[in-house]
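K.L.:
This structure is in structure tokens; I'll ask about it shortly.
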């Protein structure tokens, strides 16, 4: 067996997704004939909408299987810029749009372009784990800043003032955020942008869950700071997870460096997916996506009070994404063990807080409402029964 110490330090430092072990066990239970309710994976349960599938099929039939330009298909960059005008009232030069292999490709580009070895971004804790892992990949780091419901689970200008130091080069925030679903409004975004800019840093905003907000629309940081960096993806609102397509909006001065990095890292994003994504912005496609958005809202509104009723703590109603970040401190200080217990005894798969950072991780778990309402309420019944069994054995 190969000695693991022979592999790179960065590969050893990047933690695995703990939820993947739960997923593997859940799949094994299903193979054994058990009915498992999957609320662990951050993927919409809907398949890609039919207009996009047809566009992808047409692209394949037309032979659109070759590399595109490294920065993306010009027509798609133009369509994305038009989407910003339509949805946010932002005039965006298509030249500033970089089409990437998923939102992860956009994050890797931004980290590579902005953060030197030994430097860091400020990140909220809890937060999406790949953000800090990509920083480690480029020999940089994440300065994790503990946040809570009192902060709306988000970085604030006060956090920037308190935590910024000589190695800070920027801040990365997500709105809506994973795992909390919290949203940054225009005023909050403007305050963060000003705080980071005053220190000579760069603000990067993950807007991957834009479009999946309920009772409100999420403002883009570009509405208040034209120099901010924006990460986005076709995976969540547009439902194209397996197509692996995202984008990055960057200041004009960054484009030569980003093009060079893209050419070397991945040559270009998948050409078939780029042609398919052109159909996302058609009115009939948007109408279908808005129907799905409304369904996610109904799920949140059914699941949240049901979970509160059985004793799970959810201090703030999440504004977006499709997650509830639940405090289980009334039952345990080992949320990971509880997730394993609920999977084994009740066949409900949930994500432990340890996947999202350190602050409060042992008393929190994430529940994805990526199942129909009936199935979600069935899961609540199982969780309630499992919590009773958990307490009886303690």
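Residue numbers (UniProt numbering): 1 to 394.
C-beta atoms are modelled at their ideal positions from N, C-alpha and C, and glycine is treated no differently.
Small disclaimer: the values here were computed from a predicted structure and weren't measured.
Strictly by DSSP, which residues pair up with residue 37?
P.N.:
Partner(s): 348.
K.L.:
Within a Cβ cutoff of 6 Å, which residues of the same chain sit near residue 19, ignoring the five residues on either side of it in sequence?
P.N.:
So the qualifying residues of the chain are 40, 351 and 355.
K.L.:
Spell out the partners DSSP gives residue 121 in its beta bridges.
P.N.:
Residue 121 is bridged to 142 and 170.
K.L.:
Nearest to residue 52 by alpha carbon, out of 283, 164 and 89?
P.N.:
Of the candidates 283, 164 and 89, the one whose C-alpha sits nearest the C-alpha of residue 52 is 283.
K.L.:
Check whether the region 172–179 touches the region 149–156, counting contact only when three or more Cβ pairs, one atom from each stretch, lie closer than 8 Å.
P.N.:
They touch, by the three-pair rule.
K.L.:
Provide the residue span of the beta strand (DSSP E) that contains residue 202, from first to last.
P.N.:
Its beta strand (DSSP E) spans residues 202–206.
K.L.:
Can you give the Cα-Cα distance for residue 265 and residue 310, rounded to whole angstroms?
P.N.:
Roughly 48 Å separates the two Cα atoms.
K.L.:
Starting from residue 18, follow the alpha helix (DSSP H) in both directions and report where the run begins and ends.
P.N.:
Note, residue 18: alpha helix (DSSP H), 18–31.
K.L.:
Does the contact criterion of 3 or more C-beta pairs under 8 Å hold for the region 295–313 versus the region 326–344?
P.N.:
As far as the Cβ criterion goes, the region 295–313 touches the region 326–344, which means the pair count is three or higher.
K.L.:
Tell whether a beta-carbon distance below 8 Å holds between residue 381 and residue 342.
P.N.:
Cβ distance not < 8 Å, so residue 381 and residue 342 don't count as in contact.
K.L.:
Going by DSSP in three states, residue 333 sits in which element: helix, strand or coil?
P.N.:
Note: residue 333 maps to coil in three-state DSSP.
K.L.:
Taking residue 182 as the reference, give the member of 114, 147, 200 and 239 with the closest Cα.
P.N.:
Ranking the options by Cα distance to residue 182, first place goes to 147.
K.L.:
Give me the residue from 373, 250 and 338 with the minimum Cα distance to residue 361.
P.N.:
Comparing Cα-Cα distances from residue 361 to each of 373, 250 and 338, the minimum goes to 338.
K.L.:
Does the region 359–375 come within contact of the region 40–50, defined as at least 3 CB pairs closer than 8 Å?
P.N.:
Yes: at least three Cβ pairs fall under 8 Å.
K.L.:
Under a three-way DSSP split, which group does residue 70 fall into?
P.N.:
Coil.
K.L.:
Round the Cβ separation of residue 160 and residue 119 to the nearest angstrom and send it over; I've been treating them as touching at under 8 Å.
P.N.:
With a Cβ gap of about 15 Å, residue 160 and residue 119 do not count as contacting.
K.L.:
Please classify residue 10: does DSSP put it in a helix, a strand, or coil?
P.N.:
In the structure shown, residue 10 sits in a helix (DSSP, three-state: H, G or I).
K.L.:
With distances taken between CB atoms, is the gap from residue 205 to residue 230 smaller than 8 Å?
P.N.:
Going by C-beta atoms, residue 205 is nearer than 8 Å to residue 230.
K.L.:
Can you give me the C-alpha to C-alpha distance between residue 90 and residue 226, rounded to a whole angstrom?
P.N.:
Cα to Cα, the separation comes out at about 9 Å.
K.L.:
Count the other C-beta atoms from every protein chain shown that fall within 10 angstroms of the C-beta of residue 37, then say buried if there are 16 or more, exposed otherwise.
P.N.:
Buried.
K.L.:
Skipping 5 residues on each side, what residues in its chain have a beta carbon closer than 8 Å to that of residue 319?
P.N.:
176, 181, 182, 183, 213, 214, 215, 216 and 218, listed in sequence order.
K.L.:
Report the option in 149, 61, 56 and 364 whose CA atom is closest to the CA atom of residue 243.
P.N.:
Closest by alpha carbon: 56.
K.L.:
Whose CA, out of 87, 30, 340 and 3, lies closest to the CA of residue 286?
P.N.:
When only C-alpha atoms are compared, the closest one is 87.
K.L.:
Take residue 271 and list the residues in its own chain whose beta-carbon comes closer than 7 Å to its own, dropping the five residues that flank it on each side.
P.N.:
Result list for residue 271: 64, 65, 66, 67 and 68, in chain order.
K.L.:
Measuring CB to CB, does residue 389 end up less than 8 Å from residue 345?
P.N.:
Going by C-beta atoms, residue 389 is nearer than 8 Å to residue 345.
K.L.:
Quick one: using the 10 Å Cβ neighbour count with 16 as the cut-off for buried, is residue 308 buried or exposed?
P.N.:
Answer is exposed; the Cβ neighbour count stays below 16.
K.L.:
Under the assumption that residue 299 contacts residue 192 (Cβ atoms under 8 Å), give the Cβ distance between them as a whole number of angstroms.
P.N.:
30 Å between Cβ atoms; not a contact.
K.L.:
How close, in whole Å, do the beta carbons of residue 144 and residue 358 come, if the pair is a contact with beta carbons under 8 Å?
P.N.:
Sure, about 7 Å apart at Cβ, within 8 Å.
K.L.:
For a test of the three-state rule: what should DSSP assign to residue 177, helix, strand or coil?
P.N.:
Residue 177 falls in the coil class under three-state DSSP.
K.L.:
If you reduce the DSSP assignment to three classes, tell me which class residue 314 lands in.
P.N.:
Three-state DSSP puts residue 314 in coil, outside helix and strand.
K.L.:
Please work out which residues of its chain come closer than 6 Å, Cβ to Cβ, to residue 240, disregarding the five sequence neighbours upstream and downstream, and give them in chain order.
P.N.:
Counting only Cβ-Cβ distances below 6 Å, and skipping sequence neighbours, we find 48 and 234.
K.L.:
Tell me which residues share the same chain as residue 35 and place their Cβ nearer than 7 Å to its Cβ, disregarding the 5 neighbours each side in the sequence.
P.N.:
The residues are 347.
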